[in-house]
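Protein chains: 2
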Amino acid sequence: MHWLNPDEERAWRAFLRVMVTVQAGTSGDLAAVGLSEPDYEVLSTLSERPGHTSTLHAQADKMGWSRSRLSRHASRMEERGLLRRTPDPADGRGCLLVLTEEGLDALTTAASAHVESVRRHFIDRLTPDDLTAIEQIARRLEDPQADNGR
Amino acid sequence: MHWLNPDEERAWRAFLRVMVTVQAGTSGDLAAVGLSEPDYEVLSTLSERPGHTSTLHAQADKMGWSRSRLSRHASRMEERGLLRRTPDPADGRGCLLVLTEEGLDALTTAASAHVESVRRHFIDRLTPDDLTAIEQIARRLEDPQADNGR
DNA sequence: CGGGTGTCGTTGACATGTAAACAATCTACC
DNA sequence: GGTAGATTGTTTACATGTCAACGACACCCG
């Protein structure tokens, strides 16, 4: 068995802590404007669609969520008036998720607070070199080939 | 309002994706040996205590969990035989969490699989420079002072 | 056309987290 | 010593996610 050496151990632990810290920061700031991170994710990806509309299935796909999860979350957001369900004219099984006025307003408000939050907790604390390093690290960690040789 | 420029945007999105990807990788591998990440966290931090024992409150503190969460999780782990509750001789309100033989075995088995998993999903994909960069980035992101001047 | 097969969104059963309230107990201070 | 206030672990109520099963519909192919 090949354990982690001290450098590796520190880097791994640092990585774990950072995930928790940054997540807590941005999600706390979003909560202050009345949205959860999943809420924000739904609103912002939906707002990027033509007509602020998408099939539940397509939307779930784009966000990497299960249809089940999005269906439940959409119901909660519908109750809050952030979006609406409409029957899909192109597919009798499907439904369309449509952003409401209220949902768009909520997003607009939240967006600027969120960008500020991301700056405060993340961007502004890092140098341009750090940002470049993060992209490189991400490329390596996401490479689907990289875990072949074992 | 000061939006993110393209470099910043890419770095932020990369960071978000990486959190999901690595988390999914290691937690999937842990599941294959019958533990969740929270399970592993409890087992490993508890095993570091003298006598493999700690009060619920101290343990929760050390892990950054609420007592409520740990109480619930400990109950589930107790049902599975991974740990045991004992009245705390030093505090009539409290209880001690004690790792069982079975819990220690589970940890021992899981630990080597987990290290291998961390290597495969994280360490082995990165250069020593990347690891150093991660530590530096973590220091900056965790600095409690850094969000003062705004 | 007309079935077999697959996909869509929803739902039931459950797992796991949070926040707040609670009883039991400790602690500090007079 | 005795009491006011904290702290401990649990619990209740709820929020949110998973997985599997489901009915309704679409689609392909003979």
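Protein chains in written order, with this note's numbering: chain A, 2 to 151; chain B, 2 to 151.
From the three backbone atoms N, C-alpha and C, an ideal C-beta is built for every residue, glycine too.
Closer than 7 Å at the beta carbon, the chain A residues around residue i
{"i": "residue 1 (chain B)", "result": "Given a span of 2 to 151 for chain B in the structure shown, any question on residue 1 (chain B) remains unanswerable."}
Backbone secondary structure at residue i - three-state DSSP
{"i": "residue 88 (chain A)", "result": "strand"}
{"i": "residue 55 (chain B)", "result": "strand"}
{"i": "residue 34 (chain A)", "result": "coil"}
{"i": "residue 26 (chain B)", "result": "helix"}
{"i": "residue 66 (chain A)", "result": "coil"}
{"i": "residue 1 (chain A)", "result": "What the structure shows of chain A is the stretch from 2 to 151, and residue 1 (chain A) is not part of that stretch, so it cannot be assessed."}
{"i": "residue 5 (chain A)", "result": "coil"}
{"i": "residue 81 (chain A)", "result": "coil"}
{"i": "residue 150 (chain A)", "result": "With a pLDDT of 46 at residue 150 (chain A), under the threshold of 50, the predicted position of this residue should be treated as unreliable, and no value is reported."}
{"i": "residue 144 (chain A)", "result": "coil"}
{"i": "residue 11 (chain B)", "result": "helix"}
{"i": "residue 1 (chain A)", "result": "A question about residue 1 (chain A) goes unanswered here, because the residues of chain A that appear run from 2 up to 151."}
Chain B contact residues for residue i, given Cβ-Cβ distances below 8 Å
{"i": "residue 34 (chain A)", "result": "Near residue 34 (chain A) there are no residues of chain B at all, since even the closest Cβ is about 14 Å away, more than 8 Å."}
Chain A residues whose Cβ lies nearer than 8 Å to that of residue i
{"i": "residue 119 (chain B)", "result": "5 and 13"}
{"i": "residue 116 (chain B)", "result": "2, 3, 4 and 5"}
Residue i at chain B interface by Cβ criterion, 8 Å
{"i": "residue 31 (chain A)", "result": "no"}
{"i": "residue 39 (chain A)", "result": "no"}
{"i": "residue 18 (chain A)", "result": "yes"}
{"i": "residue 151 (chain A)", "result": "Because residue 151 (chain A) carries a pLDDT of 45, less than 50, the predicted location of this residue cannot be relied on, and the following value inherits that uncertainty. So yes, residue 151 (chain A) belongs to the interface."}
Proximal chain B residues relative to residue i, where beta-carbon distance stays under 9 Å
{"i": "residue 110 (chain A)", "result": "Within chain B, no residue comes near residue 110 (chain A); the closest Cβ sits about 12 Å away, beyond 9 Å."}
Minimum Cβ-Cβ distance from residue i to chain A less than 8 Å
{"i": "residue 142 (chain B)", "result": "yes"}
{"i": "residue 131 (chain B)", "result": "yes"}
{"i": "residue 22 (chain B)", "result": "yes"}
Residues that residue i contacts on chain B, provided the C-beta gap is smaller than 7 Å
{"i": "residue 127 (chain A)", "result": "138 and 141"}
{"i": "residue 9 (chain A)", "result": "124 and 132"}
Neighbouring residues, chain A, relative to residue i (Cβ below 9 Å)
{"i": "residue 43 (chain B)", "result": "Correct list: empty, because the minimum Cβ distance to chain A is about 15 Å."}
For the pair the region 34-43 of chain B and the region 109-119 of chain B, tell me if three or more CB-CB distances fall below 8 Å.
yes
Taking three-plus beta-carbon pairs below 8 Å as touching, is the region 121-136 of chain A in contact with the region 10-21 of chain B?
yes
Which full runs of the beta strand (DSSP E) of 3+ residues lie inside the region 85-137 of chain B, going along the chain?
96-100
The region 2-11 of chain B in contact with the region 62-80 of chain B per 3-pair CB rule at 8 Å
no
When you compare the region 126-134 of chain B with the region 71-85 of chain B, are there three or more beta-carbon pairs, one atom per stretch, that lie closer than 8 Å?
no
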